[in-house]
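Peer 1:
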Ligand code: G3H
Ligand code: 13P
Ligand code: ZN
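In our numbering, the protein residues as written are 11 to 319.
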């Protein structure tokens, strides 16, 4: 039991028909809920920390909580930096003991993205750490309405092949129509599977990553709203689309929003049903259970990763 890189996890997933779940963590209850679900499902696991999470929890807390989760459950965990925006934060995380970092140079022009990604790869690999990069821009609700917009923002397959060859990156996040948050599509959900297939055909040995992969399950939106929420128009990626993507080279699926919804719904429910209670354990305990239930569902029913450890 240890902190591990995603190398072996991805090598196995690439040869098979499942993906590894990468779940965002911000505090102890979230970490416990996720890791207990992975333990129960005997599944490979990536925990990812955003810059915002590092700032909120302070870096040492999250690293130590993840180490504690490994001791408590015996689950091997890949500890990953999510959306590192420059060399500095990637270096800090490598130095702090992360086993994987993402350098997100997607906002830069192609050559600049290659340059900063290459720099991170050189430092990380010298320290036994793997690197994820991103090419193309995730769509927002306004984007990707027509083919021209798609070509401007989505990952170009030939560029993906060149990018991987020139940077030596270990995995690549692609833009095929998903976006972050709870409002992913204005109309019908659409993912560009033809593009994904072509990327996978050109770089079959590169594990691909799907960001913005929350499903925003209607029952959880309803639950949130029932207890005083107001999130109209929330719409995620349908589960069958995630499963289809997993069949075309997607080895890592990023999920944060669904955890936020599950946790918040449970806390709201508790608060409404027990207005006189003020012991945080009374609502954070059920919130942790809700995270565990959501992650177990993802692993088992969406990613097909149960018993793949
Ligand atoms: O990709 C973004 C993740 O959902 C993390 O979000 O930057 O608010 O922590 P955050
Ligand atoms: P969601 O907002 O769809 O959960 O995506 C999370 C993500 O991509 C983190 O990098
Ligand atoms: Zn992301």
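Virtual Cβ for every residue (Gly too), placed ideally from N, Cα, C.
A quick note: this is a predicted structure, and the numbers were derived from the prediction, not measured.
Which residues share a DSSP beta bridge with residue 181?
Peer 2: Looking at the DSSP assignment, residue 181 forms a beta bridge with 142.
Peer 1: Do residue 59 and residue 72 have their C-beta atoms within less than 7 Å of each other?
Peer 2: yes
Peer 1: May I ask whether a heavy atom of the ligand G3H can be found less than 6 Å away from the beta carbon of residue 60?
Peer 2: yes
Peer 1: Does the stretch 188 to 206 come within contact of the stretch 156 to 174, defined as at least 3 CB pairs closer than 8 Å?
Peer 2: yes
Peer 1: Are the beta-carbon atoms of residue 283 and residue 296 separated by less than 7 Å?
Peer 2: Contact: no.
Peer 1: Should residue 221 be counted as a contact of the ligand ZN given a C-beta to heavy atom distance under 6 Å?
Peer 2: yes
Peer 1: Would you mind working out which of 24, 134, 67, 120 sits nearest residue 100, comparing C-alpha positions?
Peer 2: 134
Peer 1: Indicate the three-state DSSP secondary structure (helix, strand or coil) for residue 307 in the structure shown.
Peer 2: helix
Peer 1: Going by the beta-carbon positions, is the gap between residue 53 and residue 309 smaller than 7 Å?
Peer 2: yes
Peer 1: So, with DSSP's three-state summary, where would you put residue 123?
Peer 2: helix
Peer 1: Would you tell me roughly how many angstroms separate the C-alpha atoms of residue 242 and residue 27, rounded to the nearest one?
Peer 2: 34 Å
Peer 1: Quick check: the Cα distance between residue 128 and residue 174, rounded to an integer number of angstroms?
Peer 2: 10 Å
Peer 1: Can you check whether the CB of residue 219 is closer than 7 Å to the CB of residue 181?
Peer 2: Result yes, Cβ atoms of residue 181 and residue 219 sit closer than 7 Å.
Peer 1: How should residue 262 be labelled, buried or exposed, when 16 other C-beta atoms within 10 angstroms of its C-beta is the threshold for buried?
Peer 2: buried
Peer 1: So, for residue 167: in the same chain, excluding its five sequence neighbours on each side, which residues have a beta-carbon less than 7 Å away from its beta-carbon?
Peer 2: 205, 208, 209, 212
Peer 1: For residue 33, list the residues DSSP reports as bridge partners.
Peer 2: 57, 265
Peer 1: Between which two residues does the beta strand (DSSP E) holding residue 113 run?
Peer 2: 110 to 113
Peer 1: Are the beta-carbon atoms of residue 197 and residue 224 separated by less than 7 Å?
Peer 2: no
Peer 1: Name the residue from 48, 318, 57 whose alpha carbon lies nearest to the alpha carbon of residue 264.
Peer 2: 57
Peer 1: Determine, using beta carbons only, whether residue 114 and residue 144 come nearer to each other than 7 Å.
Peer 2: For the 7 Å CB-CB criterion, residue 114 and residue 144 form a contact.
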